[in-house]
Ligand SMILES: [Mg+2]
Ligand SMILES: [Mg+2]
Ligand SMILES: [Mg+2]
Ligand SMILES: [Mg+2]
Ligand SMILES: [Mg+2]
Ligand SMILES: [Mg+2]
Ligand SMILES: [Mg+2]
Ligand SMILES: [Mg+2]
Ligand SMILES: [Mg+2]
Ligand SMILES: [Mg+2]
Ligand SMILES: [Mg+2]
Ligand SMILES: [Mg+2]
Ligand SMILES: [Mg+2]
Ligand SMILES: [Mg+2]
Ligand SMILES: [Mg+2]
Ligand SMILES: [Mg+2]
Ligand SMILES: [Mg+2]
Ligand SMILES: [Mg+2]
Ligand SMILES: [Mg+2]
Ligand SMILES: [Mg+2]
Ligand SMILES: [Mg+2]
Ligand SMILES: [Mg+2]
Ligand SMILES: [Mg+2]
Ligand SMILES: [Mg+2]
Ligand SMILES: [Mg+2]
Ligand SMILES: [Mg+2]
Ligand SMILES: [Mg+2]
Ligand SMILES: [Mg+2]
Ligand SMILES: [Mg+2]
Ligand SMILES: [Mg+2]
Ligand SMILES: [Mg+2]
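Protein chains in written order, with this note's numbering: chain A, 97 to 424; chain B, 97 to 424; chain C, 97 to 424; chain D, 97 to 424; chain E, 97 to 424.
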């Protein structure tokens with residue numbers, strides 16, 4: 097269609113063994129030879145209605161792409177609807193529900209047609225579109241295979257998110273050993289929030305792909321099962337990794353809290369050493385500062401240096417003791 | 097019926113393609129054309145008996161609506177009984193069992209009739225009643241579809257509860273960073289209590305809707321399955337969110353407890369700095385306050401300013417050391 | 097039988113639509129019209145043997161009632177054996193295995209007969225016996241229905257136990273906010289022990305009733321399923337509540353431990369304020385207590401009041417600072 | 097066989113309704129009337145080979161009895177192999193893998209024969225052997241029934257281990273209330289290690305008996321199912337108890353750590369009271385120890401007793417305050 | 097083949113009852129008598145293509161051996177593909193994903209052929225190769241049996257990894273009792289990281305072998321099931337052990353943190369004893385250092401020794417008190 101009304105982009109092409117043909121409208125593309133792919137972005141309600149009519153799509157399904165619905169696969173008699181989402185960690189301080197920014201993509205997979213629908217352009221969709229368009233896909237261009245490539249590309253993006261989280265944990269693990277800055281604990285909490293939020297996305301995504309991997313949904317050929325099983329395995333691994341990373345974050349928190357306890361312990365030791373060395377010496381000076389008339393030692397000529405010497409000896413002994421006990 | 101005895105309200109209407117007819121009694125409405133909906137609120141035992149007789153409803157079921165029974169779906173040969181509950185967080189300090197205030201609603205879904213029964217008027221019921229009454233439902237008015245709209249409306253209310261809880265957690269997360277006020281910990285505990293209490297409601301609700309989503313219960317048409325699956329998905333998400341929010345609350349608690357430990361650490365550092373700087377200087381003043389007869393330095397004219405200077409130097413060095421060690 | 101040998105009580109009655117007949121021996125009651133219920137308490141081995149012979153009961157089953165066996169349902173070809181237990185929290189300090197005091201009851205449910213067997217009289221059994229005896233059961237008096245009423249009565253007793261535990265937790269929650277008395281932590285641990293011990297009883301009880309709720313055990317009619325499903329739901333709820341209450345107890349423990357940390361923090365602040373205010377002032381007095389010959393300020397007439405004033409000013413400033421920092 | 101080569105003991109007997117016959121070799125016992133039981137202990141590889149040949153036993157199975165393999169049941173066409181282990185808590189300080197000392201026993205249960213194989217004599221085997229030998233088993237002497245008695249006896253031994261662990265926990269629970277001795281924490285850790293190690297044994301044992309309780313393994317008659325179900329129930333209970341006991345150990349740890357925190361809190365209070373009472377008084381003595389020439393109060397006759405009185409009053413007030421605040 | 101291009105090593109042999117024949121190419125070995133084993137290491141893409149063609153292997157499968165894919169079993173119509181990995185703990189400080197170093201091995205198990213493919217030579221493969229080559233396998237040389245021996249050897253290596261981890265935990269358990277060195281906590285965290293990383297490997301490996309243990313995969317004979325079940329049991333045990341070891345690590349952490357708390361408690365006690373003994377004595381010296389004109393006791397000849405004696409008495413009493421309270 098190549099329509100220019102608003103920002104909406106709806107393009108269609110048919111891919112056959114002979115090559116790729118661009119289409120100028122969606123009304124008749126369903127009947128075209130080969131696999132027809134209609135890619136729609138930023139559509140108006142009216143455009144979505146026309147899409148639904150051209151492919152007999154359930155209104156509930158296209159609405160789900162606009163709303164904030166969890167990823168899912170819904171099986172219809174003639175096609176399969178997959179709702180999938182891109183993920184990106186939100187920068188800065190955000191509410192929990194916004195920790196992971198997502199954009200939904202709807203994939204409607206028919207026997208020889210595919211409709212992808214999203215509010216904004218999706219990188220994984222664009223990339224596969226380009227590959228199909230330029231004939232860079234050397235193999236099968238069935239609708240279920242193209243859908244697999246799009247979904248696989250989005251799951252790749254999930255690994256990027258997890259890599260970012262792992263980098264964050266590694267950075268924290270280095271910091272917790274030396275600092276008692278409470279910001280580190282907040283960073284750990286931030287990562288835990290992000291892991292929780294990300295896992296909330298992964299769980300339903302895994303289930304959605306699991307349905308496809310069973311291979312009996314409309315529009316999914318049995319020979320494509322193994323591709324979806326691959327994606328499913330990746331999603332299982334991603335979920336496991338969020339659990340594992342949360343354990344890593346807990347370990348980092350333990351070390352951080354211990355660093356603080358160590359600091360308090362050190363501070364107390366410093367105080368104890370100073371008080372234990374100085375207080376007894378002060379007592380001695382207090383003794384000879386008393387004003388009793390009968391204190392014969394006050395008159396001894398060597399009393400003062402002797403007392404000074406005794407105080408130094410006591411101090412040295414105490415310091416040596418504390419050194420041995422690792423107080424200082 | 098429009099009866100005015102006590103506060104009880106029992107109203108009935110029949111919805112057909114042609115329009116909605118209000119009914120003046122419940123005895124014959126079951127046989128009316130189209131879908132009959134009897135809405136009963138604050139009924140007497142006798143009125144409930146008449147309802148049961150009109151629709152062949154099991155007495156155990158209507159009793160459950162009055163008692164404090166967990167949400168559930170019970171399949172009967174001719175109809176399906178769904179017990180669902182509204183939820184609202186209780187204000188103020190309450191016993192655990194009262195943290196989430198609930199009002200039960202019984203939905204009896206027959207092939208072409210629906211009975212809703214509750215002790216007080218329920219907002220979701222009233223809203224759907226109005227929509228059916230005014231013909232604002234542009235689609236299917238089957239009993240199972242109307243029941244779906246009521247249940248869906250109540251689940252929407254659950255999301256409001258969860259939003260309130262999330263707001264509470266976000267507020268706490270901002271407070272824990274700066275305060276050691278023990279009330280924050282009590283707030284965290286309050287939220288955990290509310291989450292536990294809310295989850296106790298969600299678990300059986302999810303199971304109850306799960307039975308409907310399987311689509312073979314009496315009165316539930318196969319084509320309505322997908323609507324109930326949608327509600328089921330919402331309930332799954334709600335349960336997951338209570339788990340996630342509890343994790344968030346734990347994270348907030350960690351930060352709060354750390355803030356307190358930081359405070360104790362700071363206090364100890366203050367004490368240590370003061371004692372370490374002042375005690376040695378006091379020892380020096382004690383030395384020259386001793387009353388030995390032979391202390392030649394007491395007679396030196398510059399001894400006093402020299403000692404003062406020495407004390408300042410020692411103090412400055414110690415303070416600089418503690419600055420570098422981040423004690424102050 | 098109405099036998100008076102020892103403390104054993106074995107009584108039998110037959111309930112038909114026409115009324116209830118007391119029986120004078122157990123040998124022939126099985127053949128009587130209507131439902132025969134034999135209630136046996138504190139029996140001798142010989143009496144149990146006669147019971148077994150009269151109803152063809154497996155010896156292993158009657159032995160289980162005497163021993164300390166977990167609650168269970170065992171299906172036999174002609175009858176179903178249910179071992180259930182009453183529960184009561186033990187007072188005072190007890191070993192873990194005695195935290196919840198239990199008394200086992202054996203229910204043998206045949207097609208038209210019921211045998212209940214226990215070491216001591218059981219309140220739920222006595223109550224239902226009275227109801228059947230006086231014809232106060234207005235409905236079905238089938239053996240499986242009577243057994244349901246006995247089991248349901250025992251499960252009601254479980255809710256009483258849980259209410260007692262919840263009351264204990266609420267009491268603790270009020271105490272933890274203000275006290276650091278270590279007895280509170282022991283109370284929390286006591287409640288956790290009781291919850292663990294109670295859950296140990298609930299788990300197998302839930303499984304035992306679950307078997308009955310499937311409705312195909314001998315002696316259990318399909319139309320009684322729903323009653324047992326009700327009891328099963330109660331037991332599910334009870335198990336969930338023990339988990340929830342344990343979470344509540346953990347929350348109370350967190351607050352208690354925090355109250356102690358707060359106390360230590362307060363103590364440290366008090367010490368730090370006193371030391372920080374007094375030590376510098378003491379240093380000043382030490383300065384002017386030195387015995388140097390050349391200390392011109394000692395001769396100034398206003399030196400003493402000026403020093404006093406300076407000390408007050410320093411003290412006021414420090415106190416104001418600590419007030420602002422919420423140390424006092 | 098009654099062979100005396102080395103320490104190996106291989107004995108055989110056949111039990112029929114008529115009585116028990118001891119056998120002098122294993123080669124022909126399989127064909128004997130009644131149930132044949134061959135008991136082999138501390139065998140050489142060659143003896144094990146002869147056993148295998150006499151009963152067509154799989155070499156992998158007899159090897160498992162020698163090796164450190166987990167308990168298991170393996171079903172063979174003609175017999176069932178059960179590997180079970182005795183358990184005993186190791187005394188003293190041991191590596192984790194040696195916390196629970198075990199001895200494996202292999203039971204090969206055929207239709208009318210039983211082979212028990214172990215490296216050292218096993219008490220449960222010896223006891224049942226004696227009972228069969230002396231005709232003290234008044235009932236069924238089928239191979240599966242004898243095997244049940246041996247396995248049941250070994251599980252009884254597991255309860256002894258758990259009783260020992262519970263006694264240990266009860267002892268610790270009494271100690272944690274009063275002591276801060278770090279050895280208590282090590283005892284708690286030791287018990288947790290033993291519970292973990294014991295649970296590692298129980299898990300596969302439960303599964304092994306579960307296979308027998310299903311009642312369709314070769315050599316296990318349907319009528320013996322219920323006996324194995326009994327043992328299975330015991331093992332389920334044992335596993336649950338290890339989880340429960342671990343919770344008890346955690347509760348004891350909480351109390352122990354709190355006792356230490358209480359101790360630190362008490363120590364800080366003592367220090368704070370002493371410093372807060374003494375430091376201000378010392379400041380006063382410092383004031384009147386200054387050497388200013390113009391300090392008129394020094395000349396007042398009642399100044400000294402007045403100051404002394406004032407100091408006592410201040411001290412009494414402070415002590416009363418700390419008493420009220422429960423510092424002392 | 098024995099090719100020398102690059103470092104690649106591809107060797108083939110056929111094992112029959114008559115003996116082992118080395119093969120000089122892979123193109124025709126599939127048709128050879130007996131079991132053909134092709135062992136390929138460090139292959140080029142072209143060599144892998146030739147392998148695939150010789151045995152009709154799926155390109156996706158050989159790619160998985162090169163990539164970083166989780167262990168898995170994939171069932172193809174004519175053969176079964178097992179991806180398994182060797183494991184070794186990485187030395188030194190590494191990122192989480194590198195804690196356990198792995199090398200993937202692909203095993204393609206056909207009816208009478210086996211292809212093993214890896215990037216570097218694998219010890220378990222080499223060892224079994226040698227055994228087959230030298231006829232040291234006295235039994236079955238079916239492809240599934242050889243594959244079992246390779247996989248079993250790799251699982252043995254997993255036990256070595258776990259032994260290393262257990263040794264690490266035992267070392268830490270000895271250290272935590274005496275030290276407060278924060279490095280110990282980092283060691284505990286390191287072990288937890290390694291356990292998490294190792295478990296990530298074990299989980300999919302267990303699933304992969306579980307598929308083989310079900311015995312219906314292509315190339316796996318029913319009679320080989322029991323061998324794979326053995327390996328499966330080992331993997332179950334390994335996963336359980338990682339959970340158990342993590343619990344041990346947590347116990348060690350508890351003791352470590354307690355050792356630090358004990359240290360802080362000891363330090364505070366030291367400080368409190370010194371301050372409590374010395375401060376009151378210093379107050380006394382301050383008293384008699386005051387310059388009041390009327391202090392009659394200053395003139396008493398025995399006042400000084402009496403005060404000294406009194407101070408000693410007070411000090412002795414206080415020290416005795418603290419001894420009794422176990423402060424010192
Ligand atoms: Mg963020
Ligand atoms: Mg934030
Ligand atoms: Mg955030
Ligand atoms: Mg979630
Ligand atoms: Mg997690
Ligand atoms: Mg993991
Ligand atoms: Mg409250
Ligand atoms: Mg509350
Ligand atoms: Mg509330
Ligand atoms: Mg609950
Ligand atoms: Mg939760
Ligand atoms: Mg979650
Ligand atoms: Mg106790
Ligand atoms: Mg107790
Ligand atoms: Mg108690
Ligand atoms: Mg338990
Ligand atoms: Mg629990
Ligand atoms: Mg709950
Ligand atoms: Mg040890
Ligand atoms: Mg040990
Ligand atoms: Mg031990
Ligand atoms: Mg284990
Ligand atoms: Mg456990
Ligand atoms: Mg338990
Ligand atoms: Mg903790
Ligand atoms: Mg590292
Ligand atoms: Mg590392
Ligand atoms: Mg490492
Ligand atoms: Mg993992
Ligand atoms: Mg384990
Ligand atoms: Mg474990």
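All residues carry an ideal CB built from backbone N, CA and C; glycine is no exception.
Of the residues the options, the one placed nearest residue i, counting alpha carbons only
i             : options                    : result
residue 242/B : 220/B, 325/B, 143/B, 277/B : 220/B
residue 190/D : 270/E, 380/E, 176/E, 174/E : 270/E
residue 352/C : 282/C, 380/C, 201/C, 296/C : 282/C
residue 292/A : 265/A, 273/A, 342/A, 408/A : 342/A
residue 142/B : 407/B, 114/B, 165/B, 106/B : 106/B
residue 312/D : 368/D, 233/D, 171/D, 400/D : 171/D
residue 224/D : 237/D, 385/D, 166/D        : 237/D
Whether residue i touches residue j by CB criterion (8 Å)
i             : j             : result
residue 355/E : residue 267/E : no
residue 131/E : residue 108/E : no
residue 161/E : residue 213/E : yes
residue 248/D : residue 317/D : no
residue 298/D : residue 370/C : no
residue 360/E : residue 361/A : yes
Cross-strand partners of residue i (DSSP beta bridge)
i             : result
residue 168/E : 179/E
residue 209/C : 132/C
residue 204/B : 177/B, 211/B
| request: Decide if the stretch 169-189 of chain D is in contact with the stretch 236-254 of chain D; the criterion is three or more beta carbon pairs, one per stretch, under 8 Å apart. | output: yes
| field | Within 7 Å of chain B by C-beta, residues of the stretch 373-386 of chain C in sequence order | value | 375, 376, 378, 379, 382, 383, 385, 386
| request: Check distances from the C-beta atoms of the stretch 387-407 of chain C to those of chain B and list, in chain order, the residues that come in under 8 Å. | output: Those residues of the stretch 387-407 of chain C placed with their C-beta closer than 8 Å to a C-beta in chain B are 387, 388, 389, 390, 391, ordered along the chain.
| query | What residues in the stretch 354-370 of chain E have a beta carbon less than 7 Å from any beta carbon of chain A? | reply | 356, 359, 360, 363, 364, 366, 367, 370
| Is it true that the stretch 320-329 of chain E meets the stretch 322-334 of chain D, where meeting means three or more beta-carbon pairs spaced less than 8 Å apart? | The stretch 320-329 of chain E vs the stretch 322-334 of chain D: no contact.
| For the stretch 260-271 of chain E, which residues have a CB atom closer than 8 Å to at least one CB atom of chain A, in sequence order? | none
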